[in-house]
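Chains as they are written, first to last, in full-length UniProt numbering: chain A, 1 to 254; chain B, 1 to 254; chain C, 1 to 254; chain D, 1 to 254. Using N, Cα and C, we set each Cβ at its ideal position, and we do this for glycine too. In this text the structure is predicted, and so the values were computed from the model without any measurement. Below is one structure; the comments refer to it alone.
4 protein chains.
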Amino acid sequence: MLDRTDFLAKWDKRLEWPLACVAGIFLAAYSVQVLAQPSGIARAVLSAVVAAAWLVFAVDYIVRLAVAPEKGRWFVRHLLDLAVVALPLLRPLRLLRLVILFGALQKAVGGAIRGRVVIYTAASAVLLIYVASLAILEAERSRGDAVITTFGDAVWWSITTVTTVGYGDYAPVTTTGRIIAALLMIGGISLIGIVTATLASWIVQRVAQEDAANQVATGQQIQQLHDELVELRIAINRSQMVRAEGFEPPTAGV
Amino acid sequence: MLDRTDFLAKWDKRLEWPLACVAGIFLAAYSVQVLAQPSGIARAVLSAVVAAAWLVFAVDYIVRLAVAPEKGRWFVRHLLDLAVVALPLLRPLRLLRLVILFGALQKAVGGAIRGRVVIYTAASAVLLIYVASLAILEAERSRGDAVITTFGDAVWWSITTVTTVGYGDYAPVTTTGRIIAALLMIGGISLIGIVTATLASWIVQRVAQEDAANQVATGQQIQQLHDELVELRIAINRSQMVRAEGFEPPTAGV
Amino acid sequence: MLDRTDFLAKWDKRLEWPLACVAGIFLAAYSVQVLAQPSGIARAVLSAVVAAAWLVFAVDYIVRLAVAPEKGRWFVRHLLDLAVVALPLLRPLRLLRLVILFGALQKAVGGAIRGRVVIYTAASAVLLIYVASLAILEAERSRGDAVITTFGDAVWWSITTVTTVGYGDYAPVTTTGRIIAALLMIGGISLIGIVTATLASWIVQRVAQEDAANQVATGQQIQQLHDELVELRIAINRSQMVRAEGFEPPTAGV
Amino acid sequence: MLDRTDFLAKWDKRLEWPLACVAGIFLAAYSVQVLAQPSGIARAVLSAVVAAAWLVFAVDYIVRLAVAPEKGRWFVRHLLDLAVVALPLLRPLRLLRLVILFGALQKAVGGAIRGRVVIYTAASAVLLIYVASLAILEAERSRGDAVITTFGDAVWWSITTVTTVGYGDYAPVTTTGRIIAALLMIGGISLIGIVTATLASWIVQRVAQEDAANQVATGQQIQQLHDELVELRIAINRSQMVRAEGFEPPTAGV
Numbered sequence: 001m002l003d004r005t006d007f008l009a010k011w012d013k014r015l016e017w018p019l020a021c022v023a024g025i026f027l028a029a030y031s032v033q034v035l036a037q038p039s040g041i042a043r044a045v046l047s048a049v050v051a052a053a054w055l056v057f058a059v060d061y062i063v064r065l066a067v068a069p070e071k072g073r074w075f076v077r078h079l080l081d082l083a084v085v086a087l088p089l090l091r092p093l094r095l096l097r098l099v100i101l102f103g104a105l106q107k108a109v110g111g112a113i114r115g116r117v118v119i120y121t122a123a124s125a126v127l128l129i130y131v132a133s134l135a136i137l138e139a140e141r142s143r144g145d146a147v148i149t150t151f152g153d154a155v156w157w158s159i160t161t162v163t164t165v166g167y168g169d170y171a172p173v174t175t176t177g178r179i180i181a182a183l184l185m186i187g188g189i190s191l192i193g194i195v196t197a198t199l200a201s202w203i204v205q206r207v208a209q210e211d212a213a214n215q216v217a218t219g220q221q222i223q224q225l226h227d228e229l230v231e232l233r234i235a236i237n238r239s240q241m242v243r244a245e246g247f248e249p250p251t252a253g254v
Numbered sequence: 001m002l003d004r005t006d007f008l009a010k011w012d013k014r015l016e017w018p019l020a021c022v023a024g025i026f027l028a029a030y031s032v033q034v035l036a037q038p039s040g041i042a043r044a045v046l047s048a049v050v051a052a053a054w055l056v057f058a059v060d061y062i063v064r065l066a067v068a069p070e071k072g073r074w075f076v077r078h079l080l081d082l083a084v085v086a087l088p089l090l091r092p093l094r095l096l097r098l099v100i101l102f103g104a105l106q107k108a109v110g111g112a113i114r115g116r117v118v119i120y121t122a123a124s125a126v127l128l129i130y131v132a133s134l135a136i137l138e139a140e141r142s143r144g145d146a147v148i149t150t151f152g153d154a155v156w157w158s159i160t161t162v163t164t165v166g167y168g169d170y171a172p173v174t175t176t177g178r179i180i181a182a183l184l185m186i187g188g189i190s191l192i193g194i195v196t197a198t199l200a201s202w203i204v205q206r207v208a209q210e211d212a213a214n215q216v217a218t219g220q221q222i223q224q225l226h227d228e229l230v231e232l233r234i235a236i237n238r239s240q241m242v243r244a245e246g247f248e249p250p251t252a253g254v
Numbered sequence: 001m002l003d004r005t006d007f008l009a010k011w012d013k014r015l016e017w018p019l020a021c022v023a024g025i026f027l028a029a030y031s032v033q034v035l036a037q038p039s040g041i042a043r044a045v046l047s048a049v050v051a052a053a054w055l056v057f058a059v060d061y062i063v064r065l066a067v068a069p070e071k072g073r074w075f076v077r078h079l080l081d082l083a084v085v086a087l088p089l090l091r092p093l094r095l096l097r098l099v100i101l102f103g104a105l106q107k108a109v110g111g112a113i114r115g116r117v118v119i120y121t122a123a124s125a126v127l128l129i130y131v132a133s134l135a136i137l138e139a140e141r142s143r144g145d146a147v148i149t150t151f152g153d154a155v156w157w158s159i160t161t162v163t164t165v166g167y168g169d170y171a172p173v174t175t176t177g178r179i180i181a182a183l184l185m186i187g188g189i190s191l192i193g194i195v196t197a198t199l200a201s202w203i204v205q206r207v208a209q210e211d212a213a214n215q216v217a218t219g220q221q222i223q224q225l226h227d228e229l230v231e232l233r234i235a236i237n238r239s240q241m242v243r244a245e246g247f248e249p250p251t252a253g254v
Numbered sequence: 001m002l003d004r005t006d007f008l009a010k011w012d013k014r015l016e017w018p019l020a021c022v023a024g025i026f027l028a029a030y031s032v033q034v035l036a037q038p039s040g041i042a043r044a045v046l047s048a049v050v051a052a053a054w055l056v057f058a059v060d061y062i063v064r065l066a067v068a069p070e071k072g073r074w075f076v077r078h079l080l081d082l083a084v085v086a087l088p089l090l091r092p093l094r095l096l097r098l099v100i101l102f103g104a105l106q107k108a109v110g111g112a113i114r115g116r117v118v119i120y121t122a123a124s125a126v127l128l129i130y131v132a133s134l135a136i137l138e139a140e141r142s143r144g145d146a147v148i149t150t151f152g153d154a155v156w157w158s159i160t161t162v163t164t165v166g167y168g169d170y171a172p173v174t175t176t177g178r179i180i181a182a183l184l185m186i187g188g189i190s191l192i193g194i195v196t197a198t199l200a201s202w203i204v205q206r207v208a209q210e211d212a213a214n215q216v217a218t219g220q221q222i223q224q225l226h227d228e229l230v231e232l233r234i235a236i237n238r239s240q241m242v243r244a245e246g247f248e249p250p251t252a253g254v
């Protein structure tokens with residue numbers, strides 16, 4: 001069982017970069033496919049690339065599921081990985097892992113968790129809006145009564161949806177388009193939730209810092225107390241020894 | 001009075017499963033009623049099942065109200081139970097209690113409160129959208145100027161409403177439909193609130209863990225201090241005794 | 001200056017009930033005025049009642065401003081009171097203070113702050129939606145191209161606005177209507193914010209309670225430590241005295 | 001490197017007021033330009049003023065970037081400053097810094113962080129809505145199929161967008177207008193997030209204050225414990241000295 005966990009960890013680490021590259025290639029091929037609508041050989045090649053990318057993700061998922069020691073638990077905990085395989089819309093989200101690798105960004109933001117959350121949220125929002133726009137355009141434009149027919153309209157619709165503004169000047173009419181819309185709404189609610197939560201964490205911390213009189217006791221303060229107790233004990237022990245030594249002279253003197 | 005509280009606790013425990021089953025049967029019968037629109041005997045049977053389910057919930061409510069020691073207080077604290085009896089839309093929410101019973105899910109998520117909150121929120125969202133779609137479809141489709149006339153449209157409308165996107169491409173026109181919509185909006189705001197709150201709790205905790213220098217003092221650290229104090233006291237007591245013993249020899253010696 | 005603060009406190013306490021009554025009378029008169037649209041004497045009487053209620057609020061505001069020791073500061077801190085005088089929409093909000101007075105409710109909820117927040121939020125939401133519906137109906141129905149022409153439509157519009165769903169099937173077209181809408185949106189955002197914040201507070205507390213190993217040190221635990229320290233000091237003092245007493249015999253004995 | 005940081009700090013301090021004035025002049029000129037739509041010389045003068053304001057911001061940005069010790073880091077951390085230069089919509093936000101300077105406001109609110117957050121949020125919201133209304137009006141009205149053609153409509157659209165209500169009765173149709181809308185939505189989500197976060201911080205604090213039994217240990221309580229430990233140590237030291245002194249007599253007496 002340890003070997004399997006070991007194997008999984010190695011597999012994940014080794015495939016980190018290759019899978020991110022596959023996600024990038026998928027995104028590029030999908031973009032060209034939707035935006036340029038090529039025909040002939042170009043179309044066939046792009047379809048093959050998209051299919052190959054899907055195959056790579058599927059194989060990665062199946063191998064990891066097969067190797068996982070507790071399959072049921074792994075399955076429940078990796079539902080998002082299944083979604084990445086099943087839904088093309090979510091596949092490029094794997095690219096988000098690349099964000100970690102930009103040294104410059106990391107350096108500027110520092111290791112602070114809130115800084116990292118902000119960068120991830122911004123990158124996720126941009127990627128989500130872009131991919132959702134491609135997907136909705138592909139799903140909708142073939143329908144006669146569709147209103148989302150250009151990439152510009154698709155991006156505009158994605159932005160109004162992800163922010164939950166929802167003017168309704170553009171709205172999907174196909175079932176595929178509505179499933180994409182539902183996923184986008186869930187993404188939007190999560191992004192808004194993260195923005196609010198990060199702000200809340202920041203305000204709570206600032207208020208706590210300001211409220212000097214009621215500052216919460218820190219582990220450091222407890223540590224100082226501990227050090228003083230230790231010193232006190234040493235002092236008492238010394239006093240015992242002093243006494244023991246100090247006693248002897250009189251008894252010896254008598 | 002203790003007997004009554006006792007009786008209530010037993011009643012609740014015994015009826016946990018049967019009431020969840022009734023809620024499930026209600027949901028199934030209601031779904032067939034709305035989606036298949038049967039006629040003749042099938043229709044009568046389904047109506048009877050729905051009515052019987054309602055009766056069970058009503059009797060359960062009345063018995064518990066009758067037995068409750070402080071009726072006024074019980075009434076105010078169980079307004080949601082009254083709503084479950086009064087509003088068919090809320091009745092299947094009783095099914096949510098079943099979520100607890102899926103051992104596999106529980107095992108995968110662990111006992112962590114945030115994990116449980118996520119599962120409940122997801123299950124509530126799915127159930128809410130499904131039941132609201134059934135209810136709005138039943139309420140609207142008989143009206144001539146209604147725009148929500150198929151189950152697909154109803155689901156789409158429910159999703160746009162629960163996420164507060166509200167495109168307005170579909171909107172209820174009947175009073176019943178609008179009451180359902182208002183309940184769905186309240187549900188949506190609660191769900192979004194829970195998502196944000198869970199994220200906030202997670203970020204606050206992560207920030208606190210990271211901020212090692214200002215880590216909040218834990219009960220465990222206080223316990224360690226306490227243990228040291230106890231040891232110190234033992235040391236002092238021992239020193240007193242040593243002194244008491246050590247003293248006697250000289251006085252005795254003199 | 002103390003006399004003035006004293007006078008203000010008395011003024012506020014004495015006028016608590018009368019002003020709530022005036023707000024109630026205002027709401028009743030305003031409701032009849034908008035919903036029944038009476039003519040002749042009834043109309044004149046209602047207008048007089050509404051005007052009198054406004055006068056009472058205005059006099060109350062002016063007296064309190066005149067008496068306030070630091071007028072500038074009082075003015076900034078009581079902008080909401082000015083808004084209550086200036087905007088009929090906000091005037092019935094004074095009724096919210098009555099919520100405190102329902103003993104039964106208080107008893108059922110207990111003194112817990114989150115319980116009180118929930119009750120206030122629910123009461124505010126209902127009152128806000130009702131008053132906004134009246135105000136928007138009065139503002140819009142006289143215009144030819146208005147879509148909000150019945151009270152039912154007005155309530156429906158208020159609910160979709162306060163939840164920020166905003167279908168757009170009904171929208172105000174007059175300037176007055178849009179000002180009411182803007183106030184309602186601000187109210188809606190505040191209400192949603194309170195719902196989310198209350199949930200966040202609840203989840204943060206539950207997570208903290210669950211995380212027993214890292215439970216935050218409480219003042220109570222510190223108190224216990226303090227008590228132990230005091231006992232320790234007493235023990236040391238006693239030991240000193242014992243020694244002082246124990247010493248004398250030998251010196252006396254010699 | 002220290003000289004550069006020094007220079008930057010001085011530059012920022014010296015230019016605080018002048019840049020706020022330039023932002024104010026920009027806002028005034030831009031308002032006249034959009035609302036009065038002057039022609040002839042007035043138009044040329046206003047365009048020159050707007051261009052000059054932009055130049056000032058651009059020069060300020062370039063100087064600070066040129067002087068910054070770590071350019072890459074500075075660039076990432078001051079993306080907002082770049083946005084202020086690049087986007088006229090954001091330029092008047094510099095005026096927000098003036099809020100600090102209103103002594104009366106500061107005095108009334110006190111130094112409390114939540115009070116300051118509320119004032120900033122309100123001022124930002126008003127400024128954002130006003131500038132977005134000007135910008136959208138300028139972007140849209142030249143288009144034939146635009147629905148936002150008067151300043152009143154523009155303000156109404158801005159309010160429905162910033163609150164994420166989004167009726168859809170007015171929606172931008174030009175690319176520029178949609179970019180403005182996207183920025184406004186981001187601003188709206190941030191404002192709503194701040195409102196919710198401030199409320200959450202307030203409720204968390206109130207709940208903590210109320211929950212007296214489980215009150216979190218404060219630094220002050222730890223300080224008291226520390227003081228007691230110090231006194232205890234003094235007592236023990238004294239006891240050691242007393243013993244040392246008290247010992248000598250008997251030995252001396254013998």
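Asked, Found
"Within 7 Å of chain D by C-beta, residues of the UniProt domain \"Potassium channel\" (129-204) of chain A in sequence order", "G152, W156, I159, T160, T163, T164, V165, G166, Y167, G168, D169, I192, V195, T196, L199, A200, I203, V204"
"Ordered list of alpha helix (DSSP H) runs contained in the region 151-224 of chain B, each at least 4 residues", "151-162, 175-210"
"For L128/D and V162/D, believed in contact at Cβ under 8 Å, the rounded distance", "7 Å"
"Where S133/C falls, given that 16 or more other Cβ within 10 Å makes a residue buried", "buried"
"Option nearest A181/A by Cα separation, candidates A139/A, V45/A, D3/A, A197/A", "A139/A"
"Cutoff 8 Å: V207/A Cβ touching any chain D Cβ", "yes"
"Residue-chain proximity (R114/B, chain C), Cβ-Cβ < 8 Å", "yes"
"Listed by chain order, chain C residues near I119/B by CB distance under 8 Å", "Residues of chain C passing the Cβ test: none, with the nearest at roughly 14 Å."
"Cβ of H226/D within 8 Å of any chain A Cβ", "yes"
"Pair within 8 Å by beta-carbon distance, A48/B and F26/B", "no"
"C-alpha gap between R43/A and I192/A, whole angstroms", "38 Å"
"Distance between V173/D and R143/D (C-alpha atoms, nearest Å)", "8 Å"
"Alpha carbon of L65/D to alpha carbon of I186/D, nearest angstrom", "26 Å"
"A29/C beta carbon less than 8 Å from that of Y167/D", "no"
"Run of the alpha helix (DSSP H) containing D81/B, from where it starts to where it stops", "79-86"
"Residues that R64/D contacts on chain A, provided the C-beta gap is smaller than 7 Å", "Neighbours of R64/D on chain A: none; closest Cβ ~16 Å, over 7 Å."
"Between the CA atoms of T5/A and R14/A - distance to the nearest angstrom", "14 Å"
"Contacts of L232/B in chain C (Cβ-Cβ under 8 Å)", "L232"
"Where P38/C falls: helix, strand or coil (DSSP)", "coil"
"L90/B burial status per 10 Å Cβ neighbour count (16 or more: buried)", "buried"
"Test: I236/B CB closer than 8 Å to a CB of chain C", "yes"
"Nearest candidate by alpha-carbon position, reference V32/B, set S201/B, D12/B, F151/B", "F151/B"
"Spatially closest choice to S124/B from I136/B, I189/B, Q205/B, Q223/B, by CA coordinates", "I189/B"
"CB contact check: L229/B to chain C, cutoff 8 Å", "yes"
"Nearest-angstrom beta carbon gap, L225/B and L225/A [assumed within contact, 8 Å]", "6 Å"
"Beta-carbon proximity check, A235/B vs I234/A, cutoff 8 Å", "no"
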